[in-house]
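Peer 1:
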Amino acid sequence: MNSILEKLSFYYKKKRLKNPNYSFLFEEPPENEYVAFDTETTGLNPKVDDILSIAAVKIKDNKILLNERFNVIVRPDREIIEDAIKIHGLRKKDLESGIPIEEAVDRFAHFIGSRPLVGYYLEFDVAMVNKYFKKLSGTTLPNKQIEVSALYYDFKIGLIPQGFVDLRFDSILKDLDIPTFGKHDALNDAIMTALIFLKLKNK
Numbered sequence: 001m002n003s004i005l006e007k008l009s010f011y012y013k014k015k016r017l018k019n020p021n022y023s024f025l026f027e028e029p030p031e032n033e034y035v036a037f038d039t040e041t042t043g044l045n046p047k048v049d050d051i052l053s054i055a056a057v058k059i060k061d062n063k064i065l066l067n068e069r070f071n072v073i074v075r076p077d078r079e080i081i082e083d084a085i086k087i088h089g090l091r092k093k094d095l096e097s098g099i100p101i102e103e104a105v106d107r108f109a110h111f112i113g114s115r116p117l118v119g120y121y122l123e124f125d126v127a128m129v130n131k132y133f134k135k136l137s138g139t140t141l142p143n144k145q146i147e148v149s150a151l152y153y154d155f156k157i158g159l160i161p162q163g164f165v166d167l168r169f170d171s172i173l174k175d176l177d178i179p180t181f182g183k184h185d186a187l188n189d190a191i192m193t194a195l196i197f198l199k200l201k202n203k
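Numbering follows UniProt numbering, with no gaps: position 156 of the sequence shown is 156.
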């Protein structure tokens, strides 16, 4: 059923595409390639909050291609409150040197191509990107989405049926014996998410 719904969604999005410059997103994805990505935002509501940074890494044949990473800081359209700065760690001067959101999303789309997207609570990050991508293209990202917390849940529940599965990011890292890369910024989180994906994919 899911595959049928995914196909219908894919063709619906393709039909709504108004900017042919993004037709490459609907091509057949490269074999065994994925993109893990993460965003830093002003909050958790895609309708009112803004993207402050987008980072991603390509995965190919069970390897994370760190030399092919994507990492941009976005210049916000409005003043960012102090509390938000404490969460994402981006300073005012960092944001002032950022690029416009439309440019960031356009560059992100060209980076990911038609590859499947991998993320932790990916639905939120995709919704944040789609908020702006829809204005550029007339449609939303058609890429297949792979949620690592769902992969982890399926893996753990088989070991502890009817048990509690801790889906917190740091808990997953610890259980899978994956190192934490210092502060949680978009790039570090994207790399750690890629490591989670590869470890679960190969189990």
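Note that beta-carbon positions come from the ideal geometry of N, C-alpha and C, so glycine has one too.
Leaving out five residues on either side along the sequence, give the residues of the same chain with a beta carbon under 6 Å from the beta carbon of D49.
Peer 2: Here residue 49 is taken as the residue at index 49 of the sequence shown, counted from 1. Here the set comprises T41, T42, G43.
Peer 1: Would DSSP call R168 helix, strand or coil?
Peer 2: The residue labelled residue 168 in the question sits at position 168 within the sequence shown. R168: coil per DSSP, three-state reduction.
Peer 1: Which same chain residues end up closer than 8 Å to F197 when comparing Cβ atoms and leaving out the 5 residues on each side of it in sequence?
Peer 2: Your numbering for residue 197 matches position 197 in the sequence shown. Taken in chain order, the residues that qualify are Y34, A36, I59, V118, I146, V148, L151.
Peer 1: Rounded to whole angstroms, what's the CA-CA distance from T39 to K14? Just pull it up for me.
Peer 2: Within the sequence shown, residue 39 is the residue found at index 39, counting from 1. Within the sequence shown, residue 14 is the residue found at index 14, counting from 1. Between T39 and K14, the C-alpha separation is close to 25 Å.
Peer 1: Could you check the C-alpha separation between I64 and N202 for me, to the nearest Å?
Peer 2: Position 64 of the sequence shown, counted from the start, is the residue given in the question as residue 64. Position 202 of the sequence shown, counted from the start, is the residue given in the question as residue 202. Rounded to whole angstroms, I64 to N202 spans 14 Å at the Cα level.
Peer 1: Does the stretch 9-26 touch the stretch 131-146, meaning 3 or more C-beta pairs lie closer than 8 Å?
Peer 2: In short, these stretches touch, since the Cβ pair count reaches three.
Peer 1: Which runs of the beta strand (DSSP E) spanning at least 3 residues fall entirely within the stretch 122-154, listed in chain order?
Peer 2: Correct list: 145-147.
Peer 1: Can you grab the Cα-Cα spacing for the pair D106 / V57, in whole Å?
Peer 2: Within the sequence shown, numbered from 1, the residue matching residue 106 stands at position 106. Within the sequence shown, numbered from 1, the residue matching residue 57 stands at position 57. Those two C-alpha atoms are separated by around 16 Å.
Peer 1: Might you give, ordered along the chain, the residues of its own chain that have their beta carbon closer than 7 Å to the beta carbon of P30, omitting 5 neighbours on each side?
Peer 2: Walking along the sequence shown from the start, residue 30 turns up at place 30. Result list for P30: R115, in chain order.
Peer 1: So for F37, helix, strand or coil by DSSP?
Peer 2: Taking the sequence shown and counting its residues from 1, the one referred to as residue 37 is at position 37. Correct three-state label for F37: strand.
Peer 1: Consult DSSP for E68 and reduce its assignment to one of helix, strand or coil.
Peer 2: As a first step, residue 68 must be located in the sequence shown, where it is residue number 68. Here E68 sits in strand by DSSP.
Peer 1: Distance, Cα to Cα, A127 vs Y121?
Peer 2: Translated into positions along the sequence shown, residue 127 becomes position 127. Translated into positions along the sequence shown, residue 121 becomes position 121. So the two alpha carbons sit approximately 11 Å from each other.
Peer 1: Alpha carbon to alpha carbon, what distance is there between L167 and Y153?
Peer 2: By one-based count along the sequence shown, residue 153 stands at place 153. By one-based count along the sequence shown, residue 167 stands at place 167. One C-alpha to the other measures close to 7 Å.
Peer 1: Within a Cβ cutoff of 7 Å, which residues of the same chain sit near N130, ignoring the five residues on either side of it in sequence?
Peer 2: Working through the sequence shown from its first residue, we reach residue 130 at position 130. Closer than 7 Å at the Cβ level, and outside the excluded window around N130, lie T140, L141.
Peer 1: Which residues in the same chain as P46 place their Cβ atom closer than 6 Å to its Cβ, once the five residues preceding and following it in sequence are excluded?
Peer 2: Taking the sequence shown and counting its residues from 1, one reaches residue 46 at position 46. Contacts found: A127, M128, K131.
Peer 1: Take the Cβ of T180 as the centre, count every other Cβ of all protein chains shown within 10 Å, and call the residue buried at 16 or more, exposed below.
Peer 2: Locating residue 180 in the sequence shown gives position 180, counting from the first residue. Result: exposed.
Peer 1: Could you tell me if I99 is buried or exposed, where buried requires 16 or more neighbouring beta carbons within 10 angstroms of its beta carbon?
Peer 2: By one-based count along the sequence shown, residue 99 stands at place 99. Classification of I99: exposed, given that the 10 Å Cβ count is below 16.
Peer 1: Quick one: what does DSSP say K7 is sitting in, helix, strand or coil?
Peer 2: Along the sequence shown, one-based indexing puts residue 7 at 7. In this structure, K7 counts as helix in the three-state DSSP scheme.
Peer 1: Is it buried or exposed, Y22, if we count other Cβ atoms within 10 angstroms and call 16 or more buried?
Peer 2: Working through the sequence shown from its first residue, we reach residue 22 at position 22. By the neighbour-count rule (16 or more Cβ atoms within 10 Å), Y22 is buried.
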